[in-house]
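So the structure is just underneath, and the comments pick up after that.
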Amino acid sequence: MTPPLPTDPDSAAEPGHPARLAELRAWTGQRPWLGGALTVLAGLTIVLLPAQGFSVVLLPGVAGLSGFVIGGLIAACGLFLLFSPQLHGLIGIAAVLLSLVSFVTTNLGGLVVGMLLGIVGGSLGFAWSPPDTEIR
Amino acid sequence: MAAAHRRAPDGALTHQRGHIHWPRFSLVFIPALLSLALLAFGAATGVVPVALAVEGKQGVQVTAKSFDTEGTATFPQFFQTQDGEHRTLVAVTLKNLKVQGLCVSTKVNTPVGHYVLRITSPDSGSEIKAGDVTIGVDTIDSLGFDGQQVRVNYGAKTPDGTPTDTGSRGFVPLEIDNLGFDLDLTIRWVVANQIHLNGLTLAGGLEQHECK
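Keeping their order, the protein sequence lines are chains V and L.
Following my numbering, the numbering of the first sequence begins with 1 at its first residue and continues without gaps.
Following my numbering, the numbering of the second sequence begins with 1 at its first residue and continues without gaps.
Right, dumping it as structure tokens:
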């Protein structure tokens, strides 16, 4: 479970600072949102790249299926980073490994773009540190 | 701006928000990039097989100096276009494909002109191999053959007339020498597995020419 979000008194007290913006800022401060967003984008890139133009759901062979499977798993990793930030280390590594696998199995990892997004997103997720950790 | 740090009761400096620990980032990112470079090098030299699946409306020009394959066609398959139209196509599978002198190009219209992406392989020496290529053929728009010698059911025989070539039941021996053909197909999708690329050259730009 995600720990309850502590309020940020400094940001909330700023004059003219909208409450929703403060909420968003508090939400993003509690999770690796950038890594998660990039990882979700990576998965969507890999899934959608071979599916543009026609609504063919299944193609024969490994390459046709793996785009949906690997891309879906990478997107799921991104969602885990966003909504289960306490798993960021494990999920970040999984996202990076799946992105590397996608290079071989899925259109060179979404024509390289999706794979690079997944590697950067997964690395950011792994390197994220939760609030109130001591700086060394 | 809110303060990014604060002092804990014991005097240690702490973060109020989550943050990126950059040394830890490089701990994963750099090995991943090195692995990617190895994979890319392996794919470019044919050591690492890759898989591709493409479908859509993009026009692609493909020419090859020579290729060697075993082809089979399956029953018609069905697909639905984005506007709801149901269409049939024939899935043609090419097994153990070997290609030399391949040229693949595609042209994209951009606001600054026609951008052409072209991939070529050497005419001799290294060849591109694929274990299994399946092509969804929608229509055959034109077909031109130029065969110097075409012989059907004319396999090699011993002097007493016994065939020395054997094949599966239901297959007809077809012998074609120096075949050249010009084929214009509308293909809806291509799936290729176990591709061994070797010596590919990738070029892209507004001045690039399409394959002919």
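Glycine included, every Cβ here is placed at the ideal spot set by N, Cα and C.
Distance CB(residue i)-CB(residue j) smaller than 9 Å
i                      : j                      : result
residue 121 of chain V : residue 95 of chain V  : yes
residue 214 of chain L : residue 205 of chain L : Chain L is shown from 1 up to 212; residue 214 of chain L falls before or after that span and cannot be answered.
residue 201 of chain L : residue 119 of chain L : yes
residue 186 of chain L : residue 133 of chain L : no
residue 196 of chain L : residue 23 of chain L  : no
residue 101 of chain L : residue 68 of chain L  : no
residue 124 of chain V : residue 20 of chain L  : yes
residue 119 of chain V : residue 40 of chain L  : no
residue 17 of chain L  : residue 131 of chain V : yes
residue 64 of chain L  : residue 135 of chain L : no
residue 73 of chain V  : residue 114 of chain V : no
Neighbour flag for residue i against chain L, beta carbons, 9 Å
i                      : result
residue 80 of chain V  : no
residue 126 of chain V : yes
residue 86 of chain V  : no
residue 32 of chain V  : yes
residue 130 of chain V : yes
residue 74 of chain V  : no
residue 119 of chain V : yes
residue 69 of chain V  : no
residue 100 of chain V : yes
residue 91 of chain V  : no
residue 43 of chain V  : no
Below-9 Å beta-carbon distance, residue i vs any chain V residue
i                      : result
residue 205 of chain L : no
residue 200 of chain L : no
residue 49 of chain L  : yes
residue 19 of chain L  : yes
residue 16 of chain L  : yes
residue 27 of chain L  : yes
residue 118 of chain L : no
residue 185 of chain L : no
residue 33 of chain L  : yes
Neighbourhood of residue i by C-beta, 7 Å cutoff - its chain only, sequence neighbours within 5 removed
i                      : result
residue 70 of chain V  : 46, 98, 101, 102, 105 and 106
residue 41 of chain V  : 117
residue 162 of chain L : none
residue 113 of chain L : 206
residue 89 of chain V  : 126
residue 32 of chain V  : 81, 85, 88, 124, 125 and 128
residue 140 of chain L : 185
residue 96 of chain L  : 69, 70 and 131
Residues near residue i in its chain [Cβ-Cβ closer than 8 Å; skip 5 each side]
i                     : result
residue 55 of chain V : With a pLDDT of 41 at residue 55 of chain V, under the threshold of 50, the modelled position of this residue cannot be trusted, and the question is left open.
residue 66 of chain L : 99, 100 and 101
Proximal residues of chain B, C-beta to C-beta of residue i below 8 Å
i                      : result
residue 103 of chain V : Protein chains V and L are contained in the structure displayed, whereas chain B is not.
Close-in-space but distant-in-sequence residues of the same chain around residue i (CB under 6 Å, 5 per side omitted)
i                     : result
residue 58 of chain V : Annotation note: pLDDT 43 at residue 58 of chain V (below 50); position unreliable, no value reported.
residue 9 of chain V  : Model confidence at residue 9 of chain V stands at a pLDDT of 47, short of 50, so the residue's coordinates are unreliable and nothing is read from them.
residue 62 of chain L : 104
residue 72 of chain L : 93
residue 60 of chain L : 106
Taking 8 Å as the cut-off, does the segment 34-41 of chain V touch the segment 73-87 of chain V (at least 3 CB pairs, one atom from each stretch)?
The segment 73-87 of chain V, when compared against the segment 34-41 of chain V, does touch it at the 8 Å Cβ threshold.
Inspect the CB distances between the segment 15-29 of chain V and the segment 96-110 of chain V and report whether three or more fall short of 8 Å.
At 8 Å Cβ cutoff, the stretches do not touch.
Whole alpha helix (DSSP H) elements within the segment 69-110 of chain V, 4-residue minimum:
Runs of the alpha helix (DSSP H) lying entirely within the segment 69-110 of chain V, each at least 4 residues long, are 88-105 in chain order.
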